[in-house]
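**Q** So for the sequence shown, our numbering puts the first residue at 928; every next one is plus one. All residues carry an ideal CB built from backbone N, CA and C; glycine is no exception. Quantities reported herein were computed from a predicted structural model and do not represent experimental measurements.
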Amino acid sequence: MIPQNHPLDSRKSLFLEAFRRLGGVAKQREAHRYEVTNVPAPVRNRDRLIGLGEPVLPRYERIAFEKALVAPQGQALAAFVCPGHPLLNSVIDITLERHRDLLRRGAVLVDERDPGIQPRVLFFLEHAIQDASLTKSGDRRIVSKRLLFVEIGDDGQARQLNYAPYLDYRPLAAGEPSLDVFLARPECAWIARELESKAQAHAIANVVPEHLAEIRDRKIALLDKTEAAVKDRLTKEINYWDFRAEQLKEQERSGKANARLNSGEARKRADELQARMQKRMEDIKRERQIAPLPPVVLGGLLVVPIGMIQAIDGRAEASAKTATDTQAAAARARAVIMDIERGLGFAPVDREFEKLGYDIESAIPGTGRLRFIEVKGRVSGADTVTVTKNEILYSLNKPEDFILAIVEFVDGASHKVHYLRRPFHGKGITTEFTGATVNFPFAQLLAEAAAPS
928 MIPQNHPLDS
938 RKSLFLEAFR
948 RLGGVAKQRE
958 AHRYEVTNVP
968 APVRNRDRLI
978 GLGEPVLPRY
988 ERIAFEKALV
998 APQGQALAAF
1008 VCPGHPLLNS
1018 VIDITLERHR
1028 DLLRRGAVLV
1038 DERDPGIQPR
1048 VLFFLEHAIQ
1058 DASLTKSGDR
1068 RIVSKRLLFV
1078 EIGDDGQARQ
1088 LNYAPYLDYR
1098 PLAAGEPSLD
1108 VFLARPECAW
1118 IARELESKAQ
1128 AHAIANVVPE
1138 HLAEIRDRKI
1148 ALLDKTEAAV
1158 KDRLTKEINY
1168 WDFRAEQLKE
1178 QERSGKANAR
1188 LNSGEARKRA
1198 DELQARMQKR
1208 MEDIKRERQI
1218 APLPPVVLGG
1228 LLVVPIGMIQ
1238 AIDGRAEASA
1248 KTATDTQAAA
1258 ARARAVIMDI
1268 ERGLGFAPVD
1278 REFEKLGYDI
1288 ESAIPGTGRL
1298 RFIEVKGRVS
1308 GADTVTVTKN
1318 EILYSLNKPE
1328 DFILAIVEFV
1338 DGASHKVHYL
1348 RRPFHGKGIT
1358 TEFTGATVNF
1368 PFAQLLAEAA
1378 APS
């Protein structure tokens, strides 16, 4: 199960690690291309239960996770392991079955970007949409499945987060407080069991309708085209064999029988095609019966801001001041970039609180294209700029559309704005780096940036 538009590296890392734990063997042969020398029997057997199309093979000469690497010139053709591929589906299904209880146990992760002291609770939910078609096991077919993330804060408000927010958090380090210490704090007094129901209710009211509308619109449009094409093709074939049957029958009546094909055979082909078209129309009718299943809470975790850890360590006053200063600077920087984007003729929307991997979504009028802008506000002369894993991944996945906008605050009243395109290319950052954040030298980024455009 892969979240919609999930970053590429997460899919690759998840598959390779899960496949290894299941006893599979995958060896890298070329850059980001792997040879699978052994697909374990449990993976192949699982595909026989849940698979709908091509089977899982015992071995693969090459697999790749990017379309551009499927058939590079002079190299062996690779299987494209993406959502929907039977090998990936089987590995994920077994992994979830064996380790789903770990999600229910929960965890504690630290948000190093948040200097505040108020924790949040992040829930993972699975939502599926089915149609009336049946699988080999007799169950209704799942046509879309997504992993949803709903976060609840101390104000009791639930909100959906996108992609993989946990990638921007880190585990507790040695020497940091334990879960019991956090839960004993007054800041965590609001955390109770009913939060799970609240997260589920939020998903039902806000996320499920969007998911259903998106899948239904796309699926119905595709089925309309498929139905029209099937009717057109099979009707023409049926008419041909009807005509041919009558033609052969007339020849037979006049004593000119066709030794290779008689009217009965032609009529039989026409009837078979008619039955085939009827069956296909019934299949399409079942595929149109799209319905959502209720979202299921898979697990949750406590997100602790770094400011809370600092407060426990006796640095509460400094932490509160830092939180206020950071939030004010970030809001000011976003406002500056919003004004600049409008001045450039674009239509910006602030998406910072949705945690998409960027702060501002700026539409290019008349094109349907978007500019994805991550905003960083820093005082002139600062040492570093901290970037999260999701921000880096989004930049690497959208290299032509991503902009790192740096607002350099020169003094209390003035600022300079710098736009840096492809900000993390050529810096040794790949999609497989570890850690939740990366620090880049502020002066280096400024030197590579240009004026807004």
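Taking the alpha helix (DSSP H) that L1372 falls in, what are its first and last residues?
**A** By 1-based counting over the sequence shown, the position of residue 1372 is 445. Note, L1372: alpha helix (DSSP H), 1369-1375.
**Q** By the three-class DSSP mapping on this structure, what secondary structure does R1047 have?
**A** The sequence position of residue 1047 within the sequence shown is 120, counting from 1. Note: R1047 maps to strand in three-state DSSP.
**Q** Let me know the alpha helix (DSSP H) ranges lying completely inside the stretch 1134-1195, each 4 residues or longer, listed in chain order.
**A** 1135-1180
**Q** Assuming I1165 contacts Q1201 under a Cβ cut-off of 8 Å, what Cβ separation, rounded to an integer in Å, is found between them?
**A** Along the sequence shown, one-based indexing puts residue 1165 at 238. Along the sequence shown, one-based indexing puts residue 1201 at 274. 6 Å between Cβ atoms; contact.
**Q** Extract the residue ranges of the beta strand (DSSP E) inside the stretch 930-1006, only unbroken runs of 3 or more that lie entirely within it.
**A** 952-957, 960-965, 987-991
**Q** Counting only runs that start and end within the stretch 1008-1068, where is the alpha helix (DSSP H) found for 4 or more residues in a row?
**A** 1013-1032
**Q** What does the alpha-carbon distance come out to for the pair D1277 and R1349?
**A** Residue mapping note: residue 1277 aligns to position 350 of the sequence shown, counting from 1. Residue mapping note: residue 1349 aligns to position 422 of the sequence shown, counting from 1. D1277 and R1349: Cα-Cα distance of roughly 21 Å.
**Q** How about V1224 and Q1127: are their beta carbons less than 7 Å apart?
**A** As a working note, residue 1224 is residue 297 in the sequence shown. As a working note, residue 1127 is residue 200 in the sequence shown. In terms of Cβ geometry, V1224 and Q1127 form a close pair [threshold 7 Å].
**Q** Can you give me the start and stop residues for the beta strand (DSSP E) that E1288 sits inside?
**A** Translated into positions along the sequence shown, residue 1288 becomes position 361. Taken as a continuous stretch (DSSP letters only), the beta strand (DSSP E) holding E1288 covers 1287-1291.
**Q** Helix, strand or coil: which one does DSSP assign to Y1346?
**A** Position 419 of the sequence shown holds residue 1346. Y1346 falls in the strand class under three-state DSSP.
**Q** Report the residue from L1297, V1337, F1329 whose alpha carbon sits nearest the alpha carbon of V1306.
**A** In the sequence shown, counting from the first residue as 1, residue 1306 sits at position 379. The candidate whose alpha carbon is nearest that of V1306 is V1337.
**Q** Report yes if the C-beta distance between L1122 and V1048 is below 7 Å; otherwise report no.
**A** Position 195 of the sequence shown, counted from the first residue, corresponds to residue 1122. Position 121 of the sequence shown, counted from the first residue, corresponds to residue 1048. The criterion of a C-beta distance shorter than 7 Å is satisfied by L1122 and V1048.
**Q** Looking at the secondary structure, which residues open and close the beta strand (DSSP E) in which K1282 lies?
**A** Counted from its first residue, the sequence shown places residue 1282 at position 355. Taken as a continuous stretch (DSSP letters only), K1282 belongs to no beta strand (DSSP E), as it is neither H nor E.
**Q** From this set, V952, V963, F1050, P1046, which residue's C-alpha is nearest R1031's C-alpha?
**A** For the purposes of this step, residue 1031 is identified with residue 104 of the sequence shown, where counting begins at 1. Among V952, V963, F1050, P1046, the Cα nearest to that of R1031 is on F1050.
**Q** DSSP on A1378, reduced to helix/strand/coil?
**A** Translated into the one-based positions of the sequence shown, residue 1378 becomes position 451. A1378 falls in the coil class under three-state DSSP.
**Q** Can you tell which of P1046, R1160, G1065, I1131 has the C-alpha that lies nearest to the C-alpha of A1116?
**A** Working through the sequence shown from its first residue, we reach residue 1116 at position 189. A1116 has its Cα closest to that of P1046, out of P1046, R1160, G1065, I1131.
**Q** Are three or more beta carbon pairs between the stretch 1128-1136 and the stretch 1212-1230 nearer than 8 Å?
**A** Yes, they touch.
**Q** If you draw a straight line from the C-alpha of M928 to the C-alpha of Y987, how long is it?
**A** Stepping through the sequence shown from its first residue, residue 928 is reached at position 1. Stepping through the sequence shown from its first residue, residue 987 is reached at position 60. For M928, the predicted structure reports a pLDDT of 35, less than 50, and the residue's modelled location is therefore unreliable. The matter cannot be settled from this model.
**Q** Grab the span of the beta strand (DSSP E) containing Q1087 for me, first residue to last.
**A** Within the sequence shown, residue 1087 is the residue found at index 160, counting from 1. 1085-1088 is the span of the beta strand (DSSP E), which, as asked, contains Q1087.
**Q** Residues in the same chain with beta-carbon distance under 8 Å from R1296, minus the five sequence neighbours each way, listed in chain order, please.
**A** Start at 1 with the first residue of the sequence shown, and residue 1296 comes out as number 369. A1290, D1328.
**Q** Where G1080 and K1063 are concerned, what is the direct C-alpha to C-alpha distance, given to the nearest angstrom?
**A** For this step, residue 1080 is matched to residue 153 along the sequence shown. For this step, residue 1063 is matched to residue 136 along the sequence shown. When rounded, the distance between both Cα atoms is 43 Å.
**Q** Under 7 Å Cβ to Cβ from I1233, same chain only, skipping five residues before and after it: list those, please.
**A** Sequence index remark: in the sequence shown, residue 1233 carries index 306 (1-based). If the five residues before and after I1233 are omitted, its C-beta is found closer than 7 Å to the C-beta atoms of V1037, D1038, E1039, D1041, P1042, all from its own chain and listed in chain order.
**Q** When the Cα of E1279 is compared with those of G1293, R1259, S1380, which residue comes out closest?
**A** On the sequence shown, position 352 is the one that residue 1279 refers to. Ranking G1293, R1259, S1380 by Cα distance to E1279 puts R1259 first.
**Q** Alpha carbons only, please: which of K954, K1072, F1367 is nearest the one belonging to K1316?
**A** Along the sequence shown, one-based indexing puts residue 1316 at 389. Minimum Cα distance to K1316 is reached at F1367.
**Q** May I have the straight-line CA-CA distance separating G1293 from R1269, to the nearest angstrom?
**A** As a position in the sequence shown, residue 1293 is number 366, starting the count at 1. As a position in the sequence shown, residue 1269 is number 342, starting the count at 1. Their Cα atoms are separated by approximately 15 Å.
**Q** Keeping to the same chain, check which residues put their C-beta closer than 7 Å to that of A1059; ignore five residues upstream and five downstream.
**A** Within the sequence shown, numbered from 1, the residue matching residue 1059 stands at position 132. Around A1059, the same chain offers R1067, R1213, Q1216 as residues with beta carbons nearer than 7 Å, after the five sequence neighbours per side are excluded.
**Q** According to DSSP, is E1199 part of a helix, a strand, or is it coil?
**A** Along the sequence shown, read from residue 1 onward, the residue named residue 1199 stands at position 272. Under the three-state reduction of DSSP, E1199 is assigned to helix.
**Q** How far does the beta strand (DSSP E) with V1108 in it extend, from its first residue to its last?
**A** As a working note, residue 1108 is residue 181 in the sequence shown. Here V1108 belongs to no beta strand (DSSP E); instead the alpha helix (DSSP H) covers 1106-1111.
**Q** What whole-angstrom Cβ distance do H1129 and V1077 have, given they're in contact under 8 Å?
**A** Your numbering for residue 1129 matches position 202 in the sequence shown. Your numbering for residue 1077 matches position 150 in the sequence shown. Right, their Cβ atoms sit about 5 Å apart.
**Q** How many angstroms separate the CA atom of A998 from the CA atom of K1146?
**A** Here residue 998 is taken as the residue at index 71 of the sequence shown, counted from 1. Here residue 1146 is taken as the residue at index 219 of the sequence shown, counted from 1. Rounded to whole angstroms, A998 to K1146 spans 29 Å at the Cα level.
**Q** Is S1307 helix, strand or coil when you go by DSSP?
**A** The count along the sequence shown starts at 1 and reaches residue 1307 at position 380. Three-state result, S1307: coil.
**Q** Which residue's Cα is closest to the Cα of T1311: L1347, F1369, P1326?
**A** Counted from its first residue, the sequence shown places residue 1311 at position 384. Comparing Cα-Cα distances from T1311 to each of L1347, F1369, P1326, the minimum goes to F1369.
**Q** From R1025 to R973, what distance separates their C-alpha atoms?
**A** The residue labelled residue 1025 in the question sits at position 98 within the sequence shown. The residue labelled residue 973 in the question sits at position 46 within the sequence shown. Cα to Cα, R1025 sits roughly 13 Å from R973.
**Q** Would you mind reading off the limits of the beta strand (DSSP E) that contains E1123?
**A** As a working note, residue 1123 is residue 196 in the sequence shown. Element bounds for E1123: not the beta strand (DSSP E) but the alpha helix (DSSP H), 1121-1129.
**Q** Report the three-state DSSP secondary structure of S1341 (helix, strand or coil).
**A** Your numbering for residue 1341 matches position 414 in the sequence shown. Here DSSP, grouped into helix, strand and coil, assigns S1341 to coil.
**Q** Would you list the one or two residues that DSSP bridges to T1364?
**A** Mapped onto the sequence shown, residue 1364 falls at position 437. In DSSP, T1364 forms a bridge with T1315.
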